[in-house]
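Notes follow the structure.
Here you go:
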């Protein structure tokens with residue numbers, strides 16, 4: 039009879055390899071596993087929200103800076119979005135968000151600037167500028183479900199008392 043058998047070291051190595059494999063697979067497919075439980079509307083609108091956020095930061099940033107957005111200047115984000123219609127049609131056209139087909143309508147977009155100090159308190163209320171105007175444009179998202187959103191960390195120029203130390207530019211699409 040053969041006297042060889044499984045040793046505790048063999049067992050420990052086998053279990054370790056099994057656990058590392060399972061954890062690796064779960065970490066690799068985490069995004070796709072979570073996506074199964076998201077609404078199809080959120081999955082479809084997430085790239086649109088990302089595109090709008092990227093467009094705003096790239097087109098309103100001060101030359102030579104990162105995420106330092108022109109706010110209260112001519113051609114700044116405030117003047118452009120205030121001059122836009124209630125549904126931000128101009129923003130949607132310039133950012134390439136007009137995607138209507140026979141079966142699909144154009145997305146509704148909301149842009150909000152949230153001060154980092156209010157985020158610490160767990161609130162995402164829009165920041166208020168020097169004139170008491172809320173830094174929010176587009177239709178309200180109150181009571182909406184299946185809203186895709188993206189955030190960009192920005193600093194606003196010519197906005198005293200805002201973005202201390204930074205703000206979030208939040209774009210919501212539904």
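Numbering (this note's numbering), first residue to last: 39 to 212.
Note that beta-carbon positions come from the ideal geometry of N, C-alpha and C, so glycine has one too.
- Would you mind giving the Cβ-Cβ distance between residue 152 and residue 211, rounded to the nearest angstrom? I have them listed as a contact below 8 Å. Here the question's residue 152 lines up with position 114 in the chain shown. Here the question's residue 211 lines up with position 173 in the chain shown. The distance from the Cβ of residue 152 to that of residue 211 is about 16 Å, inconsistent with a contact at the 8 Å cut-off.
- Query: Should the stretch 184-194 be called in touch with the stretch 76-95, which here means at least 3 C-beta pairs below 8 Å?
  - Reply: Counting Cβ pairs under 8 Å, three or more are found: they touch.
- Could you tell me which residues DSSP puts in a beta bridge with residue 208? Taking the first residue of the chain shown as position 1, residue 208 is located at position 170. Answer is 150, 189.
- Message: Rounding to the nearest angstrom, what Cα-Cα distance links residue 91 and residue 112 in this structure?
- Response: Counting from 1 along the chain shown, the entry for residue 91 is found at position 53. Counting from 1 along the chain shown, the entry for residue 112 is found at position 74. Going by the C-alpha atoms only, they are around 20 Å apart.
- Message: According to DSSP, residue 194 sits in a beta bridge with which residue or residues?
- Response: As a first step, residue 194 is located in the chain shown; it is residue number 156 there, counting from the start. Note: residue 194 sits in a beta bridge opposite 107.
- Return the residue from the list 179, 173, 62 that minimises the CA-CA distance to residue 115. For the purposes of this step, residue 115 is identified with residue 77 of the chain shown, where counting begins at 1. For residue 115, the nearest C-alpha among the options comes from 173.
- With distances taken from CA atoms, which of 204, 96, 60, 48 is nearest residue 156? Locating residue 156 in the chain shown gives position 118, counting from the first residue. The shortest C-alpha separation from residue 156 is found at 204.
- Item | Beta bridge counterpart(s) of residue 174 as assigned by DSSP | By 1-based counting over the chain shown, the position of residue 174 is 136. Note: residue 174 sits in a beta bridge opposite 150.
- Alpha carbon to alpha carbon, how far is residue 122 from residue 160? Position 84 of the chain shown, counted from the first residue, corresponds to residue 122. Position 122 of the chain shown, counted from the first residue, corresponds to residue 160. Straight-line measurement puts the Cα of residue 160 at about 30 Å from the Cα of residue 122.
- Task: Tell me whether residue 155 sits in a helix, a strand or coil according to DSSP, three-state version.
- Result: Position 117 of the chain shown, counted from the start, is the residue given in the question as residue 155. In the three-state reduction of the DSSP assignment, residue 155 falls in the helix class, which pools H, G and I.
- Task: Could you check what DSSP says for residue 112 in three-state terms: helix, strand or coil?
- Result: For the purposes of this step, residue 112 is taken as the residue at position 74 of the chain shown. Three-state result, residue 112: coil.
- Query: Using CA coordinates, which residue listed in 127, 110, 180, 125 is at the minimum distance from residue 195?
  - Reply: Here residue 195 is taken as the residue at index 157 of the chain shown, counted from 1. When each option's Cα is compared against that of residue 195, the closest is 110.
- What does residue 54 pair with, by DSSP beta-bridge criteria? For the purposes of this step, residue 54 is taken as residue 16 along the chain shown, with counting starting at 1. Looking at the DSSP assignment, residue 54 forms no beta bridge with any residue, so it has no partner.
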